[in-house]
Amino acid sequence: MCGIFGYVGKGQKDVESTIIVGLERLEYRGYDSAGIAIIDDNGNFIIVKRKGRISDLKKALENYNIPPSKIGIGHTRWATHGKVSDENAHPHLDSNNKIAVVHNGIIENYLELKQELIDKGHVFTSETDTEVIAHMIEEYQKYENDYIKSVLYTVKRLKGTFALAILNREYPDMLIGVRKDSPLIIGIGNGEMFLASDIPAILPHTKRIIILDNEEIAILKSDKYQIMDFDGNLKNKQIKEIEWDAQMAEKGPYPHFMLKEIYEQPEVIERNIDKYIRDGEFLLLKDHNLRKLLLNKNRIVIQAAGTSLHAGIVGRYLIEHFAKIPVDTDYSSEFSHRIVDDKTLVMAISQSGETMDTLEGLRLAKKLGLEVLSIVNVVDSSIARESDYVIYINAGPEIGVASTKAYTAQITILLFLALELGYLKGFVDKKTIDYYISEIRKLPYVISSVLYKDTQIQYIAQKFHKHNHFMFLGRGINYPTALEGALKLKEISYIHATGYAAGEMKHGPLALIDENWPVVVINPKTSVYEKTFSNAHEVYTRGGKIISVVSERDEKMKEISQEIIEIPEVDEFLTPIVSIIPLQLLAYHIANLRGCDVDKPRNIAKVITVP
Ligand code: M6R
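The opening residue of the sequence shown carries number 0 in numbering that gives the first Met the number 0; numbering runs sequentially from there.
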């Protein structure tokens, strides 16, 4: 987490505003504090940093008259080491205010390094792990008198994860970027270079990027770059053209990214249909090796976090049903405790492709000699690059911290995969494939018709937004919908919300229910409709206020519900893609009505790059 941005040009751009705009596009990565360091054309540092949002930093900057400059770095922080304060905000400096560093990640051995530097007379001004980096470069430079070598010596001594942007007043035309396990991208402009934690920050300036690999250092000047490994060996890197355009990362007419992304879902599904279905066939498993791999496995373990795990749980129902392969699902952070053998396929699911827990799960599987298939949104992200096989979900940039369009895109891909695998294994016939393809093609329209209910959902939100507890219930393939509905609500509205398997209520949680509990029951027409109805009835009998998500014309559920949200009737295995839409909207409106910052909920961040 944390977002870092760096810029070096020839004076063609205003450095301060270029950095601020870059940081605004990275703010989803952390928003505890923000800061910038600029070297002006006289070789002086202008350092401004503030606790709070980038808007607070901008306000502080109004009091500064920044002289002409060509180079600078910026940071938006999600605090790990050291409380949220002005002092702990990045950039951090060495003792002589010569070197400035911004950092995304964690330096695990910082206490030991700090002590070593204190013993040599360095004075620290923050509680962060990052500050040791500036001091250590300073220390090595005393003896080496070679700045780049000092950086190399320093990074080799750091344990942990880090993406860094570094400035040195003695080298006012040089911006250094370093990557180990935290993402860092170089943008190559016309007489200018950029460094950023993620692509959207670079998009307004250039589509030509280089993705740094682990243990690489980039030395950037306005019109040239050099990339080397931690031993100083030069590396030849390929420049890539980004497919995303700048508009995809803009809010457009929407008040929040989350709402924009909810509304993008029909388009994202359409994109995946275009990409992965042709002439009545699914195309995910065209790669001979991937096909062979999947056909040879007798078990799949899906490891992921948060929303991606919920998509994985839907995937479990789909793969087990269509392809008859047993699937386990696990939080990535718990995956290391599972048993996997060479007959197991490990699957990683991640929107960002940078979630450290999931990356560690992937690395563990590789260490055990297993091949990994990943389902990822961000192209060329760490998880995508370290996996043996990747299937992209083509959702475009997702900026809102609450994941929405990535979730339905992940499930769509898992549905395609389950059907294709089922067909290859002989469990699904051509007629069934044709039926599902025709049903899948209707999905964009079906989702649009649910989005049309936004005003009704807003009304329900108005009625219930003051409640402090919610329960979400679902069964079968909509059990993960209940988990995801609850996660959406709790992460953006700070309401205590729990997702439960509806059948589990009677084994304990039913005791909670009284007339103060809104209970969202997801019960579209599926094979578990009657059972879920009985579970909902048990809640109704105890006075719970039921808000139900059901198929059109469901009179039975209507009788026991205070509010009813109807969705078009679709095949059971497509229901999770449709039934989550009203729950995303409900969470969005409730959070808004409670005055919460929907796109940037407190304490969390979009990309979790710490274990
Ligand atoms: O980028 P990933 O899909 O790996 O992220 C996993 C979780 O951190 C993420 O889904 C998180 O739970 C979201 N904030 C949920 O909306």
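Ideal Cβ positions, reconstructed from N, Cα and C, are used throughout, including at glycine.
Closer than 7 Å: residue i CB and nearest ligand 1 heavy atom
i      : result
Thr354 : yes
Leu486 : yes
Gln455 : no
Ala401 : yes
Gln302 : no
Ile607 : yes
Gln264 : no
Glu137 : no
Glu490 : yes
Gln350 : yes
Ser307 : yes
Ile603 : yes
Thr357 : yes
Counted within 10 angstroms of its Cβ, other Cβ atoms place residue i as buried (16 or more) or exposed
i      : result
Tyr142 : exposed
His287 : exposed
Thr540 : exposed
Asn271 : buried
Asn485 : For clarity, residue 485 is Ala in the given sequence; the question names Asn instead. Buried.
Leu92  : buried
Ser32  : buried
His588 : buried
Ile117 : exposed
Asp172 : exposed
Tyr478 : buried
Ala510 : exposed
Ile238 : exposed
Tyr444 : exposed
Tyr63  : exposed
Arg552 : exposed
Glu111 : exposed
Ile338 : exposed
Pro684 : Here the chain has residues from 0 to 610 only, and residue 684 is not among them.
Pro67  : exposed
Ser526 : exposed
Asn235 : exposed
Pro90  : buried
Strand pairing of residue i, partner residues [DSSP]
i      : result
Pro479 : None, per the DSSP bridge assignment.
Ala496 : Phe469
Gly71  : Tyr6 and Ile37
Thr79  : Bridge partners of Thr79: none, in fact.
Ala347 : Gln302 and Ser373
Asp553 : Per DSSP, none; premise fails for Asp553.
Val615 : Any question about residue 615 goes unanswered here, given that the chain covers just 0 to 610.
Lys544 : Pro517
Ala162 : Asn103 and Arg178
Ile563 : Ser547
Val326 : Ile299
Asn522 : Val549
heavy atom of ligand 2 below 7 Å from residue i C-beta
i     : result
Lys48 : You won't find ligand 2 in this model; what it holds is ligand 1.
Exercise. Could you say if the region 494–505 and the region 324–340 meet the contact criterion of at least three C-beta pairs nearer than 8 Å?
Key: no
Quiz item: Can you give, in chain order, each stretch of the alpha helix (DSSP H) that sits fully within the region 81–146 and has at least 4 residues?
Solution: 109–118 and 130–143
Practice problem: Spell out a yes or no on whether the region 34–47 and the region 223–230 are touching, meaning 3 or more CB-CB pairs, one atom from each, closer than 8 Å. | Solution: no
Quiz prompt | Whole alpha helix (DSSP H) elements within the region 259–323, 4-residue minimum | solution = 264–275, 287–294 and 305–322
Quiz prompt | alpha helix (DSSP H) segments (min. 4 residues) lying fully within the region 358–421 | solution = 381–385
Quiz prompt | Three or more C-beta pairs below 8 Å linking the region 209–225 and the region 176–186 | solution = yes
Quiz item: Given 8 Å as the limit, is there contact between the region 470–478 and the region 587–605, that is, 3 or more CB pairs closer than that?
Solution: no
Self-check item: Cβ contact (3+ pairs, closer than 8 Å) linking the region 569–579 and the region 69–85
Solution: no
Quiz item: What runs of the alpha helix (DSSP H), each 4 residues or longer, lie entirely inside the region 166–247?
Solution: none
Quiz item: Mind pulling the alpha helix (DSSP H) runs of 4 or more residues that sit fully within the region 428–461?
Solution: 429–450
Quiz item: With a cut-off of 8 Å, do at least 3 Cβ pairs link the region 603–610 to the region 341–361?
Solution: yes
Self-check item: Segment contact flag, the region 388–403 with the region 259–274, C-beta cutoff 8 Å, min 3 pairs
Solution: yes
Quiz prompt | Touching by the beta-carbon criterion (3+ pairs, under 8 Å), the region 55–65 and the region 103–114 | solution = The region 55–65 vs the region 103–114: no contact.
Quiz item: Is the region 312–325 touching the region 360–368, taking contact as three or more C-beta pairs under 8 Å?
Solution: no
Practice problem: Evaluate the contact criterion for the region 122–133 versus the region 194–208: three or more CB pairs, one atom per stretch, below 8 Å. | Solution: With the cut-off at 8 Å, the region 122–133 and the region 194–208 do not touch.
Quiz item: When the Cβ atoms of the region 410–430 are set against those of the region 553–567, are three or more pairs found closer than 8 Å?
Solution: No: the two stretches stay apart, fewer than three of their Cβ pairs being nearer than 8 Å.
Quiz item: Can we say the region 285–305 touches the region 338–348, given the rule of at least three CB pairs closer than 8 Å?
Solution: Because the criterion of three Cβ pairs below 8 Å is met, the region 285–305 and the region 338–348 touch.
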